[in-house]
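Take a look at the structure set out below.
Numbering (the working numbering), first residue to last: 143 to 641.
What follows is the structure, encoded as C-alpha cells:
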C-alpha cells in the first residue's frame, strides 16, 4: 500500500514539474500582459485560450484515455505498437481536417466579431495550435503509461521556456499583442511535437487496425461529450460573462480563475497524470479499494492545505504580479474557485468506478446534467452579481457534480471512501479561512505571520479531531526520524538515479 502511494506521489510530483512550468506562463507573464494589454484585450485572450483548450479536448475523442486503458489489457498486449499507430493516424487525420476548415472558413467565423481582420488571424493560429495539441496529447499519454515521467517533464519544460521567451519578445518588443501570444503557443507546441515524434515513431508498428479504432472510439465516444461538458463547465462562464456583461468583466474573472487555477495545474492535473495509469495496473489486486480510498483522503488533504495557503494570499499575489490596479478586484473570486477546484479534484478519484467498469457514458451523463445546471445558474446570477455570480455558480455546480458522480460510480464499483474525514477537513478549512479574514486591518507583517501560523495549524488540528489512524501516525514518526538522520541524507543522495 505505502509503496503504491509513494509511486503515485513520485510520478505526480515529476509531472508537476512540467505543470509548474506551464503555470509559470500565466503567472510570470502577468506583469507583462497587464502592462501592455488592456483588461478588455485580456478578456479576448481568455476567450481564445479557453476555445483552444475546449476544442483540443473534444476533438481528441477520448483516444489517449482509450490507449491507456487498453495498454495493460491481455487482448491488446501483442498489439501495443499497432494500437499507437492506429490512434496516431486517426488523430493526425483530424488535425489535417481541422486546419483545412480553419484555412477556408476562418473569415466566416471572424465576421461575427468586432474586428474581423484580426480575428481571422486569431482563428487560423488557434486551429493550428489545436492540431498540434491533439497529436501531442497522444504522445504524452504514451509517456505516462510507460511511466517516463522525467522525459515528460523535461519536454514540457523546454516547450514552456520557448513560449515564455517568445511571449516576452512578441508582446514587449514586437508589440503585436494577442497575435504574438498565439504565435508563441504555435511555435512552442511545434517544438514539443518535434521532440516527441521521433521517439514515438520507434514505438509504432505501421499497421492500421480498424478493430482497434472501433474499440477505442467505443470507449472514447462518451468522453467526447464528457470532455465538452467538462470544459464548458470549467470555462464556459467566460462566454456568458461576455454575452451578459462585457470583456472587462471577463478579463477580471479570467485573472482570478488563473490564480485559483494554480491549485488545479500544480496539484490536480499533476495528480491526474500520475495516478490513472497506476490505478489501471492495480485494479482487482489485493487491497485495491483501500488504496483508492486512502488516496482520495490524502489527496483531498493536500488540496485543502494548499488551497488555504493560496486563498489566504490571493490578494497579495494579484497586487504583486499585476502592474495595473484595474485588475486587482479579481482576488474576490479566488477562494470560491479554489473550493470548486477541491471538489473537482476529489471527483477525479470517485470517478474511478465508472472508468474501471467501462461505464464512461455515465461520466458524460453526469457532466452534461451539471453543465445545464451551471448555465441556468449563470443566467440567474451573472446579471446581478457579475463575476461573483459566475464564481458561485461554478462552486455549486462542482459540488453537485461531485455528489452525483460519487453515487453513480458506487453503483458499479463500491469503494469505502472516508467521507467523515473529508467533512472534517471541509469544516476546519472553512473555520480557518474565516479566521484569516479577521486579519484584514492589521499591518502587512502581522497579517502575513498570522496567516502562515493558521495555515500550518491545519494538520495539527486534524490530529485532535482523530483524523489520523495509528498506523499512519507510526509511519509519520518513522519517516520523520529517518528524514532528520544525517546518515540517511547521505545514503539517499548517493542512491539518486535518473531514469
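Note that CB positions come from ideal geometry on N, CA and C, so glycine has one too.
Here the structure is a predicted model, which is why all the values come from computation and not from measurement.
Exposure of residue i, with buried meaning 16 or more beta-carbon neighbours within 10 Å
{"i": "residue 426", "result": "exposed"}
{"i": "residue 617", "result": "exposed"}
{"i": "residue 528", "result": "buried"}
{"i": "residue 205", "result": "buried"}
{"i": "residue 264", "result": "buried"}
{"i": "residue 254", "result": "exposed"}
{"i": "residue 584", "result": "exposed"}
{"i": "residue 429", "result": "exposed"}
{"i": "residue 573", "result": "exposed"}
{"i": "residue 406", "result": "buried"}
{"i": "residue 307", "result": "exposed"}
{"i": "residue 634", "result": "The pLDDT assigned to residue 634 is 48, lower than 50, so where the model puts this residue is not dependable; a value taken from the coordinates is nonetheless given after this. Counting Cβ neighbours within 10 Å, residue 634 comes out exposed, since fewer than 16 surround it."}
{"i": "residue 577", "result": "exposed"}
{"i": "residue 540", "result": "buried"}
{"i": "residue 413", "result": "buried"}
{"i": "residue 438", "result": "buried"}
{"i": "residue 171", "result": "buried"}
{"i": "residue 257", "result": "exposed"}
{"i": "residue 485", "result": "buried"}
{"i": "residue 317", "result": "exposed"}
{"i": "residue 579", "result": "exposed"}
{"i": "residue 436", "result": "buried"}
{"i": "residue 382", "result": "buried"}
{"i": "residue 404", "result": "buried"}
{"i": "residue 356", "result": "exposed"}
Straight-line Cα distance separating residue j from residue i
{"i": "residue 277", "j": "residue 241", "result": "13 Å"}
{"i": "residue 491", "j": "residue 554", "result": "14 Å"}
{"i": "residue 478", "j": "residue 371", "result": "21 Å"}
{"i": "residue 651", "j": "residue 612", "result": "For residue 651 there is no data in the structure shown, the boundaries of the chain being 143 and 641."}
{"i": "residue 494", "j": "residue 259", "result": "46 Å"}
{"i": "residue 442", "j": "residue 432", "result": "15 Å"}
{"i": "residue 343", "j": "residue 269", "result": "24 Å"}
{"i": "residue 396", "j": "residue 461", "result": "15 Å"}
{"i": "residue 499", "j": "residue 556", "result": "11 Å"}
{"i": "residue 609", "j": "residue 451", "result": "20 Å"}
{"i": "residue 471", "j": "residue 483", "result": "20 Å"}
{"i": "residue 353", "j": "residue 346", "result": "17 Å"}
{"i": "residue 537", "j": "residue 489", "result": "13 Å"}
{"i": "residue 496", "j": "residue 179", "result": "44 Å"}
{"i": "residue 566", "j": "residue 449", "result": "15 Å"}
{"i": "residue 568", "j": "residue 600", "result": "11 Å"}
{"i": "residue 349", "j": "residue 232", "result": "12 Å"}
{"i": "residue 303", "j": "residue 323", "result": "14 Å"}
{"i": "residue 301", "j": "residue 402", "result": "23 Å"}
{"i": "residue 531", "j": "residue 547", "result": "24 Å"}
{"i": "residue 558", "j": "residue 542", "result": "20 Å"}
{"i": "residue 198", "j": "residue 271", "result": "9 Å"}
{"i": "residue 325", "j": "residue 550", "result": "43 Å"}
{"i": "residue 519", "j": "residue 379", "result": "10 Å"}
{"i": "residue 369", "j": "residue 607", "result": "38 Å"}
Same chain only: Cβ atoms within 7 Å of residue i, ignoring 5 sequence neighbours per side
{"i": "residue 262", "result": "248, 249 and 252"}
{"i": "residue 533", "result": "475, 478 and 479"}
{"i": "residue 510", "result": "367 and 371"}
{"i": "residue 473", "result": "398, 456, 457 and 460"}
{"i": "residue 359", "result": "203"}
{"i": "residue 651", "result": "Beyond the ends of the chain as shown, which are 143 and 641, falls residue 651; an answer cannot be given."}
{"i": "residue 595", "result": "none"}
{"i": "residue 515", "result": "539 and 542"}
Own chain, CB closer than 8 Å to residue i, minus 5 neighbours either side, in chain order
{"i": "residue 581", "result": "588, 589, 592 and 593"}
{"i": "residue 234", "result": "277"}
{"i": "residue 274", "result": "237, 328, 331, 332, 334 and 335"}
{"i": "residue 174", "result": "309, 310, 313 and 314"}
{"i": "residue 209", "result": "225, 226, 229, 280, 283, 284, 287 and 358"}
Close Cβ partners of residue i (< 6 Å) along its chain, the five nearest in sequence each way excluded
{"i": "residue 487", "result": "410 and 445"}
{"i": "residue 393", "result": "181, 184 and 185"}
{"i": "residue 374", "result": "513"}
{"i": "residue 266", "result": "244 and 248"}
Residue-level contact to chain B via CB, residue i, 7 Å cutoff
{"i": "residue 245", "result": "This model lacks chain B altogether; it includes just one protein chain."}
Quick check on the DSSP output: what are the complete alpha helix (DSSP H) runs of length 4 or more inside the segment 446 to 471, in order along the chain? 456 to 463
When the Cβ atoms of the segment 559 to 566 are set against those of the segment 493 to 503, are three or more pairs found closer than 8 Å? Cβ pair count under 8 Å is below three, so no.
In chain order, which alpha helix (DSSP H) runs of at least 4 residues are fully inside the segment 327 to 403? 352 to 377 and 379 to 386
Contact between the segment 238 to 253 and the segment 277 to 288 (3+ Cβ pairs under 8 Å): no
Go through the segment 177 to 207 residue by residue and report every complete run of the alpha helix (DSSP H) that reaches 4 residues or more, in order. 181 to 201
Sequence ranges, alpha helix (DSSP H) only - wholly within the segment 519 to 594, length at least 4: 561 to 579
Are the segment 182 to 190 and the segment 386 to 396 touching by the rule of at least three beta carbon pairs closer than 8 Å? yes
Okay, do the segment 519 to 528 and the segment 361 to 376 touch, 3+ Cβ pairs below 8 Å being the bar? no
Between the segment 187 to 194 and the segment 297 to 317, can you find at least three pairs of beta-carbon atoms closer than 8 Å? no
Are there three or more Cβ pairs, one per stretch, closer than 8 Å when the segment 326 to 338 is compared with the segment 292 to 300? Below 8 Å, enough C-beta pairs join the segment 326 to 338 and the segment 292 to 300 to call them touching: three or more.
What ranges does the alpha helix (DSSP H) occupy inside the segment 255 to 290, keeping only unbroken runs of at least 4 residues that lie completely in it? 258 to 287
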